[in-house]
Each structure stands twice: as C-alpha cells, then as structure tokens.
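Residue 6 is where the sequence shown starts when you use this note's numbering, and the numbers rise one by one after that. Glycine included, each C-beta is placed from N, C-alpha and C at the ideal position. Predicted model only: the values in this text are computed from it and were never measured. The structure appears below as structure tokens.
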Amino acid sequence: MICSVCFLQKLTADTAENTPGAALPLSWKGGACRPCVSLLNKGAETVEQKNPIANPLIVLREEFDDWAILFDPDTGNAFGLNPTGVFIWKHLDGKHGVEDIVKNLHDEADDVPGEASDHVRQFIASLEQQGLVGYEVSAGGPA
C-alpha cells in the first residue's frame, strides 16, 4: 500500500525481511502513513489539502489511439485509460483542482455531460485508492 498523501510505500513484513535497512511504519491508517496521519489529525483548521498530484513513480504509456496504460513498477499493476482518463491524468500536477480539470475538459471536448465533475472526482478517488494519486498537505495556521 502507498500513502495517498506522501507516496511512501508501506512495507510488509515480507518486504522488510528481504530489504536490508528497511523498517516497517508503526501504523498505517486509512491509506496514510503515520507521519501524515499525525499531520491530518491536528485538525482541519491547521491542514490544507492541495490539488491532486499524480504519483511520480507511475509510468504513463500513451498508445496511438489516444488510450494509455498506467504502469506501477512497484506493484507490477497496469491500468488502462481512455482518452478522457489520459486528459485528467495529465492535469494531476498539483496545479489543477477538480473544477479546473472539468473546466479544461469542457474547453477541449465536445458533449461533456453535466455530471462530469462527479465523474472526475470518482475517477481521482479511484486512482487514490490504487496509490496512483495523492495530495500535497501542508500545516498552516497560527503557531
């Protein structure tokens, strides 16, 4: 499992045994590693969730027909993306929020459905569950 906030790989006992110098995280809660959980538990007023960011370890291979494959070299998993998925993936750079992505989709594509915003959110949530997308999190507020 990969932390959906910082992209650290959770090591299993098997992996730790076979990886010299590896240490298991003390906890792994809800897809986030212990340091990120601590930061997130400080309270909503002190944590700002940024725009979604594609996991930099994931390889995007574009095919000739505008479809693509996402490959996770850590797990060996591959995921097929249709042209809309490719468009969204390319906007997961930390600079675009969901509404920005939907606006750009409306600008670039024809016949975008009214519920596109919900579809984009669901798609990003699905990517997050697979460890393909995370969020930059920063602590803020008064000291």
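Next item on the list: State the start and end residues of the unbroken beta strand (DSSP E) segment that holds GLU104.
Entry: Premise fails: GLU104 lies in the alpha helix (DSSP H), 103-113, not in any beta strand (DSSP E).
Note to self: Could you compute how far the alpha carbon of PRO122 sits from the alpha carbon of LEU97?
What the structure shows: First, the amino acid is wrong: residue 122 is Ser here, not Pro. Straight-line Cα distance between these residues: approximately 15 angstroms.
Check: Between which two residues does the beta strand (DSSP E) containing ILE129 stretch?
Finding: Segment 121-134 is the alpha helix (DSSP H) holding ILE129; no beta strand (DSSP E) there.
Checklist line | Spatially closest choice to ILE63 from PHE69, LYS55, TRP72 and ASN82, by CA coordinates | finding: ASN82
Margin query: Tell me whether the stretch 55-69 and the stretch 107-121 touch, counting them as touching only if at least three CB pairs, one residue from each stretch, are closer than 8 angstroms.
Written below: no
Check: If you drop the 5 nearest sequence neighbours on each side, which residues of the same chain put their C-beta closer than 8 angstroms to that of VAL91?
Finding: LEU65, GLU67, ASP71, TRP72 and ALA73
Margin query: Quick check: is the beta carbon of LYS100 nearer than 8 angstroms to any beta carbon in chain C?
Written below: The chain labelled as chain C is not found in the depicted structure, where only one protein chain is given.
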